[in-house]
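Each residue of the sequence shown is one higher than the one before, starting from 2 at the first, in this note's numbering.
Single-structure report; data block below.
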Amino acid sequence: MKSIEINIKDALSFVSAERVSEFNVAASKGIANLNETKGAGSDFHGWVNLASETTQELVADINATAQRLRKECEYVVCIGIGGSYLGAKAVIEALSNAFDAYTATPGCPKVLFAGQNIGEDYMHELQTFLADKRFGIIVISKSGTTTEPAIAFRLLKEQLERQAGKDAAKNLIVAITDEKRGALRQLANEEGYTTYVIADNVGGRFSVLSPVGLLPIAVAGHDINALLQGAVEMEKTTKNPGEENIAETYAKVRNALYAEGKKIEILVNYNPKLHFLAEWWKQLYGESEGKEGKGIFPASVDLTTDLHSMGQWIQEGERTIFETVLSVEEPNHECVIPSDVANLDGLNYIAGKRIDYVNKMAEIGTRIAHVEGGVPNIQITIPRLDEHSLGQLIYVFEKGCGISGYILGVNPFDQPGVEAYKKNMFALLEKPGYEEASKAIKQKL
Ligand code: PA5
2 MKSIEINIKD ALSFVSAERV SEFNVAASKG IANLNETKGA GSDFHGWVNL ASETTQELVA
62 DINATAQRLR KECEYVVCIG IGGSYLGAKA VIEALSNAFD AYTATPGCPK VLFAGQNIGE
122 DYMHELQTFL ADKRFGIIVI SKSGTTTEPA IAFRLLKEQL ERQAGKDAAK NLIVAITDEK
182 RGALRQLANE EGYTTYVIAD NVGGRFSVLS PVGLLPIAVA GHDINALLQG AVEMEKTTKN
242 PGEENIAETY AKVRNALYAE GKKIEILVNY NPKLHFLAEW WKQLYGESEG KEGKGIFPAS
302 VDLTTDLHSM GQWIQEGERT IFETVLSVEE PNHECVIPSD VANLDGLNYI AGKRIDYVNK
362 MAEIGTRIAH VEGGVPNIQI TIPRLDEHSL GQLIYVFEKG CGISGYILGV NPFDQPGVEA
422 YKKNMFALLE KPGYEEASKA IKQKL
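In C-alpha cells, the structure reads:
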C-alpha cells in the first residue's frame, strides 16, 4: 500500500541542506524524548503509541456504540471544542460526501457539531433544526468543565430528554471524558451514560486517535481500524532519526525556515475536503508552539479558491511565509470536462480531460509561481483521501509537532496562554470565586 511522502526540494533553494542538518542533534533529542517519555511535558506523551496500543476490544466496543447510534438516530450531535472536536470534524469532512452534511439517510446518521462556539443564533438554529428529528449526543470534554460545550450540552440534553423522554435519552447520550474527575464524569456516572475515557497522558489536540475522534468518525460510517493502521505504520517509520523519518524532516525544515525569518507557515490544500484538516493542524501547531514569545504562526488556504483572495498576498506580500502543500495524488471519483460545439467559454482545449488534471496543473503552476516569488515550499503527498492515508498524515503531523516543539525549545504539550481569556470571561460573568477579579476587570472597561 502506498505511503504519504514529503518533498523538500523547493524549500532547499531557500535554506541549504547544511543549515537543515544543523537541527539534526535537536531533532534526535526530541525523538529520544518522545520514545523514552522524557523532556518537557512528558506526562502528555500518551499519543505517541496510542494507535498501536488501542486494543481490538476497544475498537469493537466503539464500533458497537456507533452502530447503536446509527440505528437509533438520524443525527448525532458531537459537542466539544478545540481538541475535543477538530480531529473528528477534520476526518469526517475529508471522508464524507460534501453534500450529505444535512440530509440523513436511514442507517446513516449525520454528525453535526455544537459547543465549538458560543453563537446564540447557531444554537437556536441547531435546536430548531433538531426539533422534529431523532437525535443523539456525543459530549466530549477532557476537563468536563469547558464553558462552550457545557452550555451546548445543557441545552441539547434538556431538548433530547423532552423529545425522547428522560429514560430513552440516557441511551442516546455518550460521554467521553476523564476516567475519574470532572463534572461530566460525575453526571455520566449518575445518569448511567455509555462513556469512554480520555487518558490523562493524552492532551486534547493529540486525542483524535482516541475515542474522542474514533467514536464520531465511526458514527459517520468510516473505518477506524484503517485509520489506526495508517497511524501505526507511521509510528514505526518515525521512531528513529534518519532520512526515512518524514516527521523529523518536516520538523527540521520548518525550524530552519523559521530561523531564516519565515515566521508564517501556510498549510495549502487543493481539495476542499481538507479544509478542516487544516483547522485541526492549526490548533495542533499553534497551541503546541506559540509560547514564550516564539513559534511559527500556522495559517491555511484552500486552493484554488483562495488564489482569488489570498493569492496576491502570497505571491507578492511580505516575504516572511512558507507553504506546506497537501497534495492528494488520486481522487476517489472521476469527472471529465465535456466538449461543447459552440465553445463560447473557450474550454474545448481541455475537453476530455479530468478535472483533477486541471487541478494538478493549477497546483504545479502555483508552486512554481510562489517559489519564484520567494515562498519556500514543502510538499506532502497523500496517495488518496481514505482512512489509511489520513491515519498516516495525522500521526506524521503529531510526531512532527512534538519534534518541532522540542527543537524550538518549548514544552509542546502545555497551553498556559489559553487560560487568560477564560479568567477575564469568568470575571465579567461574575462567576462565584471571581469576585476580586470582577472588580479589577470592571475598572478596565
Ligand atoms: O488542546 C487542548 O487541550 C485544548 O484546546 C482543549 O482541547 C479544549 O480546550 C477543550 O478542552 P476540554 O476537552 O477539556 O473541554
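Ideal Cβ placement from N, Cα and C applies to all residues, glycine included.
Model, not experiment: these values are computed from the prediction.
Which residue or residues does DSSP assign as beta-bridge partners of D303?
For this step, residue 303 is matched to residue 302 along the sequence shown. N270.
For the segment 220-235 against the segment 374-381, are there 3 or more C-beta pairs whose distance is under 8 Å?
no
Pick out the complete beta strand (DSSP E) segments inside the segment 187-266, 3 residues or longer, and give them in chain order.
195-198
Going by DSSP in three states, E19 sits in which element: helix, strand or coil?
Reading the sequence shown from its first residue, position 18 is the one you call residue 19. E19 falls in the helix class under three-state DSSP.
Regarding S142 and ligand 1, is the C-beta to nearest heavy atom distance less than 6 Å?
The count along the sequence shown starts at 1 and reaches residue 142 at position 141. Yes, Cβ of S142 sits closer than 6 Å to a heavy atom of ligand 1.
Contact check, L386 vs A18, beta carbons under 7 Å
As a position in the sequence shown, residue 386 is number 385, starting the count at 1. As a position in the sequence shown, residue 18 is number 17, starting the count at 1. No, the pair does not count as a contact, with Cβ atoms beyond the cut-off.
Does V92 come out as helix, strand or coil in the three-state DSSP assignment?
Taking the sequence shown and counting its residues from 1, one reaches residue 92 at position 91. V92 falls in the helix class under three-state DSSP.
Pairing CB atoms from the segment 352-363 with CB atoms from the segment 5-13, are three or more of them under 8 Å?
Touching, no, given that fewer than three Cβ pairs across the two stretches are closer than 8 Å.
Candidates T129, K432 and A176: which alpha carbon is nearest Q160's?
The count along the sequence shown starts at 1 and reaches residue 160 at position 159. Selected option, being the one with the closest Cα: T129.
Would you mind giving the Cβ-Cβ distance between V209 and I395, rounded to the nearest angstrom? I have them listed as a contact below 8 Å.
On the sequence shown, residue 209 is found 208 positions in, with the first residue counted as 1. On the sequence shown, residue 395 is found 394 positions in, with the first residue counted as 1. In this structure V209 touches I395 by the C-beta definition: roughly 6 Å separates them, less than 8 Å.
Which runs of the beta strand (DSSP E), 3 residues or longer, sit entirely within the segment 124-169?
136-142
CB of R206 to nearest heavy atom of ligand 1: below 6 Å?
Position 205 of the sequence shown, counting from 1, holds the residue named residue 206. Yes; taking the cut-off as 6 Å, the Cβ of R206 has a heavy atom of ligand 1 nearer than that.
In angstroms with no decimal places, state the Cα-to-Cα distance between F398 and T239.
Locating residue 398 in the sequence shown gives position 397, where the first residue counts as 1. Locating residue 239 in the sequence shown gives position 238, where the first residue counts as 1. In a straight line, the C-alpha of F398 is about 11 Å away from that of T239.
What residues are listed by DSSP as bridge partners for F323?
Stepping through the sequence shown from its first residue, residue 323 is reached at position 322. E266.
Just mark C336 as buried or exposed, buried being the case when its beta carbon has 16 or more other beta carbons within 10 Å.
For this step, residue 336 is matched to residue 335 along the sequence shown. Under this definition C336 is an exposed residue.
Report yes or no: do the segment 174-183 and the segment 106-115 share at least 3 C-beta pairs separated by less than 8 Å?
no
Top-ranked residue by Cα proximity to H276, from A260, D303 and G287:
If you number the sequence shown from 1, residue 276 lands on position 275. When each option's Cα is compared against that of H276, the closest is D303.
With 16 other CB atoms within 10 Å as the buried threshold, where does P273 fall?
Taking the first residue of the sequence shown as 1, we reach residue 273 at position 272. Label assigned to P273: exposed.
Output the boundary residues of the beta strand (DSSP E) element that contains T447.
The requested residue 447 does not occur in the structure, where the chain is confined to residues 2 to 446.
Hey, would you say the C-beta of G403 is under 6 Å away from at least one heavy atom of ligand 1?
The sequence position of residue 403 within the sequence shown is 402, counting from 1. Result no, Cβ not under 6 Å from ligand 1.
Within its chain, find whatever has a CB closer than 7 Å to the CB of E290; leave out the 5 residues flanking it on each side and keep chain order.
Walking along the sequence shown from the start, residue 290 turns up at place 289. Cβ within range, chain order: G296, I297, S405, G406, L409, V411 and P413.
Local conformation of L345 per DSSP, three classes:
For the purposes of this step, residue 345 is taken as residue 344 along the sequence shown, with counting starting at 1. Coil, per DSSP.
With a threshold of 6 Å (Cβ to nearest heavy atom), would T147 be considered close to ligand 1?
Position 146 of the sequence shown, counted from the start, is the residue given in the question as residue 147. Because some heavy atom of ligand 1 lies under 6 Å away, the Cβ of T147 counts as near it: yes.
Report the CB separation of E249 from A27 in whole angstroms; it is logged as a contact under 8 Å.
On the sequence shown, residue 249 is found 248 positions in, with the first residue counted as 1. On the sequence shown, residue 27 is found 26 positions in, with the first residue counted as 1. The Cβ separation is near 10 Å, so there is no contact.
May I ask whether a heavy atom of ligand 1 can be found less than 6 Å away from the beta carbon of G84?
Translated into positions along the sequence shown, residue 84 becomes position 83. Yes, ligand 1 has a heavy atom inside 6 Å of this Cβ.
Please determine, among I365, D346, I338 and L345, the residue with the shortest C-alpha to C-alpha distance to A352.
Start at 1 with the first residue of the sequence shown, and residue 352 comes out as number 351. Answer by Cα proximity: I338.
Once DSSP output is grouped into helix, strand and coil, what is the label at N8?
Taking the first residue of the sequence shown as position 1, residue 8 is located at position 7. Strand, per DSSP.
Neighbour-count burial assignment, Y251, 16 or more Cβ in a 10 Å radius:
Locating residue 251 in the sequence shown gives position 250, where the first residue counts as 1. The residue is buried, with at least 16 neighbouring Cβ atoms inside 10 Å.
Can you look up Y358 in the DSSP assignment and give me helix, strand or coil?
For the purposes of this step, residue 358 is identified with residue 357 of the sequence shown, where counting begins at 1. Of the three classes helix, strand and coil, the one that applies to Y358 here is helix, per DSSP.
Give the single residue among V78, S340 and G243 whose Cα lies nearest to the Cα of I141.
Numbered from its first residue, the sequence shown carries residue 141 at position 140. The shortest C-alpha separation from I141 is found at V78.
Flag this pair as yes or no: are the beta carbons of A260 and L268 separated by less than 7 Å?
Here the question's residue 260 lines up with position 259 in the sequence shown. Here the question's residue 268 lines up with position 267 in the sequence shown. In this structure, L268 does not lie closer than 7 Å to A260 by Cβ.
Run through DSSP, which three-state label would V419 get?
Start at 1 with the first residue of the sequence shown, and residue 419 comes out as number 418. Under the three-state reduction of DSSP output, V419 falls in the helix class.
In whole angstroms, give me the CA-to-CA distance for D168 and E162.
Counting from one through the sequence shown, the residue named residue 168 turns up at place 167. Counting from one through the sequence shown, the residue named residue 162 turns up at place 161. If you take the alpha carbons of D168 and E162, they lie about 8 Å apart.
Reference K254, options F323, L327, Q444 and G31, closest by Cα
Here residue 254 refers to the residue found at position 253 when the sequence shown is read from its first residue. It should be pointed out that residue 254 corresponds to Val in this sequence rather than to Lys. The shortest Cα separation from V254 among F323, L327, Q444 and G31 belongs to F323.
Short check: CB of G137 to CB of L173, under 7 Å?
Translated into positions along the sequence shown, residue 137 becomes position 136. Translated into positions along the sequence shown, residue 173 becomes position 172. It is a contact, given that the beta carbons lie within the stated cut-off.
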